[in-house]
C-alpha cells in the first residue's frame, strides 16, 4: 500500500482562553434534530430483548468530497439520518435524497469507509433480526452524485442475525479493505445468563448462525473466511465492541473484541499469513466482566497501543449499593473451572508492556468506575500532546436494580409473563429506576493517571448516551464531539482546544490503492518532548466510527517558543511510502 502525506497544517491560536473546552450546540442552531426515540411496545421491549436500551451509533465521513466531514446517525426503531456539513456547524438533512434512511427493523452500529476503493465514502449499517424486528445489514455504496445504492447482496455482505458493528481493515495486506462483523447472542431479560458450549464451536438459532465473522475482500465481493482465519465465536459471544490495532508492532492489524457477560473477550493476534491466534488468556491476566465499548490508543506515548474496555461499575455510592453488579465467590470459581478467564466488573485499562503482555491499571489510572458506560474514545482534546479519554454513559432503565430484581422474581410476577408481553406487563418497566447520568471526560496527566474534567470541560449534562465520535467538524484544529442519545436530540459539542494557545498538526493520508484512506497506517511524531503514536482506524468506541483520512496531533505551545522543536513524521505502513 502506498500512501501520500498530502496535507500538513501547523498553526497557533490567537483566541483568548475560556474556561470550558466544549460548548453544547442547540439542535435549532446546527440543524441536527435527530433523536433516537425508543417507545416501550408490547412486541419489542426490554422484557423480551435485553439490549433494548443499548442505543445506536454515529459515523463520520466526507460523503460528498467537499472537505467537510458529514454525519450519519442510526436509529434503533425509526429512520436513520444523514446530514451534510455545510460549514460553520450548519447541517442539512439529505437522507431522503441520498436514499439511506433504512427505516425497517432494528438497527445498531454504523461504519463509514471506502469499501470498494473508488475514493468515495460508503456506509455500512448493522441490524438485528429478532422476534418482530426484521432488521438486516445494509451496504450503501456511494454513487458520487449525492445518492447511494444498496449493493449488499452483490458484495456478499448480506447478513440477517444479531449484528452490532462492522469494522473495515486490511487484515491480509493486499491493499483493499476486508471486514470483521461483530455479532451478539440474544436472550430475554429474565432468562438465565449462563450457558456453555464447546470451545470454538459456532451456534445457531433457527436458520441464523450466531457468531462473529471475518470477510475477505476479493475484488469487491466478500468471502466468509472465519474458520480458515481462526475466528471462533458462539453463544457466549455477546459482542458489543471491536477495535483494530497493531498491538505487537509487526505491521499487521490485530483485533480486540469486547464481549458482554461470562464469555471471554477476544484478542486476535494477526499471524501475517491470513490467520489469527486468539491470545487473551496468554497476554492479559483479567478483563472487564460486562465488556461494552472498546478503544485502543497509545495513551502514555511509549510507542505501544493500549486498550480500554468499559463496564458498569458505578461511581455514585447510592447506585453502587442498589445495583447487582457482583457475583458470589462460588459462581466466580465455577466460571473459572468451566474455562473462562478471570473477569472484574469495572472498566479495564490495559497498559501494553510489550512482548505480548498487558497490565490492567484501571483503578490506578482513576478511570475504573464510570457507571453503565458505552463508548470510550481516546483523543488529545486539549492539544497538550497526551491522549485524553471521553466516555458515554447511561442506561435508560436499570434492570440490575436489586429492588427490581426482587420484585420481578416473585412467583406471581413470573407467572404473569407468558410467551408474549402484554400492555399490563409493560408496567414492570416502571419498577426499573430511571436515572440520567452525565458522560465522563478525563484529562491525561502524563503519569499513567487521569483527572476527571467532565464539568470543567462543559460535558456534565445528564442523559442517556451511547454511540459517539470525535471529529474536527470545521477543520479548525479543534476536536468536536458527536453523541447519539436515547429519547433526546443528538449532542454536538463544539471543541475549543486551540484557545489554550497550543499548536496542532493535521496529517491527511491518501492511499494509492483500494484502501484510499490508508486505514491501518501508523503515524509517529517525535519532538523534543517525546513521541506520539496515532493509528488510522476509524471504527472504535461503541457502534460508531470516527472520521477517516485525517489524524491530528497536539503540541504544547512552549515547545515552539523554545525554537529547538524537531518534528519527524514517520508513516509505518505495509509497502511503499510516498511523501
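In the working numbering, the protein residues as written are 1229 to 1807. Don't be surprised by glycine CBs; every beta carbon is placed ideally from N, CA and C.
DSSP state of residue i, grouped into three classes?
i	result
residue 1420	Annotation note: pLDDT 36 at residue 1420 (below 50); position unreliable, no value reported.
residue 1760	strand
residue 1563	helix
residue 1810	Absent from the structure is residue 1810, since the part of the chain shown begins at 1229 and ends at 1807.
residue 1653	helix
residue 1527	coil
residue 1747	coil
residue 1767	strand
residue 1690	strand
residue 1887	Nothing can be reported for residue 1887: it is not among the residues displayed for the chain, which extend from 1229 to 1807.
residue 1683	coil
residue 1329	coil
residue 1547	helix
residue 1323	helix
residue 1752	strand
residue 1707	coil
residue 1782	strand
When you compare each of the options to residue i by their alpha carbons, which one comes out closest?
i	options	result
residue 1610	1648, 1535, 1692 and 1725	1725
residue 1766	1748, 1781, 1782 and 1759	1748
residue 1674	1594, 1750 and 1698	1594
residue 1679	1706, 1329, 1729 and 1596	1596
residue 1746	1718, 1343 and 1297	1343
residue 1504	1510, 1455 and 1272	1455
residue 1320	1384, 1760 and 1300	1300
residue 1285	1310, 1270 and 1671	1310
residue 1777	1348, 1315 and 1316	1348
residue 1388	1547, 1355, 1404 and 1266	1355
residue 1266	1625, 1735 and 1630	1625
residue 1296	1308, 1744, 1315 and 1304	1315
residue 1403	1779, 1764, 1739 and 1763	1739
residue 1650	1383, 1276 and 1260	1276
residue 1571	1637, 1652 and 1487	1487
residue 1757	1470, 1365 and 1782	1782
residue 1298	1313, 1307 and 1304	1313
residue 1279	1774, 1694 and 1723	1694
To the nearest angstrom, how far is the alpha carbon of residue i from that of residue j?
i	j	result
residue 1439	residue 1681	38 angstroms
residue 1412	residue 1358	11 angstroms
residue 1449	residue 1662	45 angstroms
residue 1628	residue 1373	48 angstroms
residue 1702	residue 1255	17 angstroms
residue 1602	residue 1345	31 angstroms
residue 1642	residue 1656	11 angstroms
residue 1708	residue 1580	28 angstroms
residue 1390	residue 1670	33 angstroms
residue 1272	residue 1282	14 angstroms
residue 1248	residue 1444	45 angstroms
residue 1328	residue 1507	38 angstroms
residue 1400	residue 1480	8 angstroms
residue 1760	residue 1599	30 angstroms
residue 1270	residue 1410	28 angstroms
residue 1491	residue 1631	27 angstroms
residue 1351	residue 1710	17 angstroms
residue 1780	residue 1512	30 angstroms
residue 1653	residue 1263	26 angstroms
residue 1578	residue 1676	11 angstroms
residue 1575	residue 1304	26 angstroms
residue 1366	residue 1332	11 angstroms
Run the CB neighbour count on residue i, radius 10 Å, all protein chains shown included, and call it buried at 16 or more, exposed below.
i	result
residue 1274	buried
residue 1545	exposed
residue 1208	Not covered by the structure: residue 1208. The range shown for the chain is 1229 to 1807.
residue 1335	buried
residue 1517	buried
residue 1532	buried
residue 1635	exposed
residue 1705	buried
residue 1542	buried
residue 1548	exposed
residue 1362	exposed
residue 1501	exposed
residue 1485	buried
residue 1519	buried
residue 1554	exposed
Determine, for residue i, whether the minimum Cβ-Cβ distance to residues of chain E falls below 7 angstroms.
i	result
residue 1644	Within the model displayed, chain E is absent; a lone protein chain is all it includes.
Practice item. Enumerate, from N- to C-terminal direction, the unbroken alpha helix (DSSP H) stretches of 4 or more residues contained entirely within the region 1361 to 1404. Key: 1380 to 1383
Exercise for review: Only counting runs of 3 or more residues, tell me where the beta strand (DSSP E) segments fall wholly within the region 1259 to 1311, in order along the chain.
Suggested key: 1286 to 1289 and 1298 to 1301
Exercise for review: Enumerate, from N- to C-terminal direction, the unbroken alpha helix (DSSP H) stretches of 4 or more residues contained entirely within the region 1605 to 1642.
Suggested key: 1630 to 1636
Exercise for review: Entirely within the region 1450 to 1536 and at least 4 residues each: give me those alpha helix (DSSP H) ranges in chain order.
Suggested key: 1454 to 1457 and 1508 to 1511
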